[in-house]
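In numbering that gives the first Met the number 0, the protein residues as written are 0 to 190. Glycine included, each C-beta is placed from N, C-alpha and C at the ideal position.
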Amino acid sequence: MEIKDIIMGRRSIRLFEQKTLPDAEIRDLLDCARTSPCASNLQQLRFIVIQDFLLAKEIFQLTAWANLVKPHRNPQWGVSAPRCFIAVIADAQANPTIYADAGAAIQSMQIMAWSRGIGCCWLGSIKRDRIKAILELPEDKQVMYLLALGYPAESPLAEDIPIDKPVYYYLDDENRLHVPKICLDDVASWR
Numbered sequence: 000m001e002i003k004d005i006i007m008g009r010r011s012i013r014l015f016e017q018k019t020l021p022d023a024e025i026r027d028l029l030d031c032a033r034t035s036p037c038a039s040n041l042q043q044l045r046f047i048v049i050q051d052f053l054l055a056k057e058i059f060q061l062t063a064w065a066n067l068v069k070p071h072r073n074p075q076w077g078v079s080a081p082r083c084f085i086a087v088i089a090d091a092q093a094n095p096t097i098y099a100d101a102g103a104a105i106q107s108m109q110i111m112a113w114s115r116g117i118g119c120c121w122l123g124s125i126k127r128d129r130i131k132a133i134l135e136l137p138e139d140k141q142v143m144y145l146l147a148l149g150y151p152a153e154s155p156l157a158e159d160i161p162i163d164k165p166v167y168y169y170l171d172d173e174n175r176l177h178v179p180k181i182c183l184d185d186v187a188s189w190r
């Protein structure tokens with residue numbers, strides 16, 4: 000598969016099969032994350048893989064999912080929720096470039112995952128302080144994001160729209176998620 004096809008075809012997955020991911024696959028994702036571009040080569044990020052069933056359940060309960068989807072739907076624990084999370088960790092007083100570093104690392108993991116048939120959802124709407132406590136992180140660390148992982152149990156569709164149309168996700172009559180993306184010519188210009 001061509002890299003453009005992987006990038007263009009990748010969608011956030013919010014409904015997952017209840018299968019365990021092989022450790023080797025997760026290690027490959029983490030290897031991609033750790034070698035991703037980062038400002039000044041500071042390599043400020045750390046990662047915690049959460050696969051323990053009870054711990055993953057506890058973490059899952061501290062997440063919010065696609066609040067813009069109408070009608071609203073959430074994955075259900077033990078039915079369609081992810082069984083694995085990667086917590087992206089940094090120093091609490093990290094250089095402000097840490098957000099760009101995290102974005103690059105997470106995108107690298109998402110692209111690699113998608114190329115292997117693994118779905119992901121980058122979660123920023125999380126209860127960071129509670130997750131930090133559950134993971135027993137020291138005071139000088141912060142939870143930046145979670146990456147939910149698993150085998151997809153849905154196939155969202157991207158569709159190009161003009162810039163003047165709403166960008167809200169929606170479910171069609173078959174409960175398939177549609178993800179509007181503003182057309183290239185409306186978001187980019189050449190000078």
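Straight-line CA distance for residue 1 to residue 113?
-> What you label residue 1 is simply residue 2 of the sequence shown in a count that begins at 1. What you label residue 113 is simply residue 114 of the sequence shown in a count that begins at 1. Straight-line Cα distance between these residues: approximately 12 Å.
Alpha carbon to alpha carbon, how far is residue 64 from residue 178? Give it in angstroms, no decimals.
-> In the sequence shown, residue 178 corresponds to position 179, counting from 1. In the sequence shown, residue 64 corresponds to position 65, counting from 1. Residue 178 and residue 64: Cα-Cα distance of roughly 14 Å.
Keeping to the same chain, check which residues put their C-beta closer than 6 Å to that of residue 153; ignore five residues upstream and five downstream.
-> The residue given as residue 153 occupies position 154 in the sequence shown. Non-local C-beta neighbours of residue 153 in its own chain, meaning closer than 6 Å and more than five positions away in sequence, comprise 14, ordered along the chain.
Within the segment 141 to 175, note down every full beta strand (DSSP E) run reaching 3 residues or more, in order along the chain.
-> Whole beta strand (DSSP E) segments, 3+ residues: 156 to 160.
Inter-residue Cα distance where the pair is residue 188 and residue 161 | For the purposes of this step, residue 188 is taken as the residue at position 189 of the sequence shown. For the purposes of this step, residue 161 is taken as the residue at position 162 of the sequence shown. So the two alpha carbons sit approximately 15 Å from each other.
With contact counted as at least three CB pairs below 8 Å, one residue from each stretch, are the segment 81 to 88 and the segment 52 to 60 in contact?
-> Between the segment 81 to 88 and the segment 52 to 60 there are three or more C-beta pairs closer than 8 Å, enough to call the two in contact.
With a cut-off of 8 Å, do at least 3 Cβ pairs link the segment 121 to 133 to the segment 162 to 176?
-> Judged by Cβ distances under 8 Å, the segment 121 to 133 makes no contact with the segment 162 to 176, as fewer than three pairs qualify.
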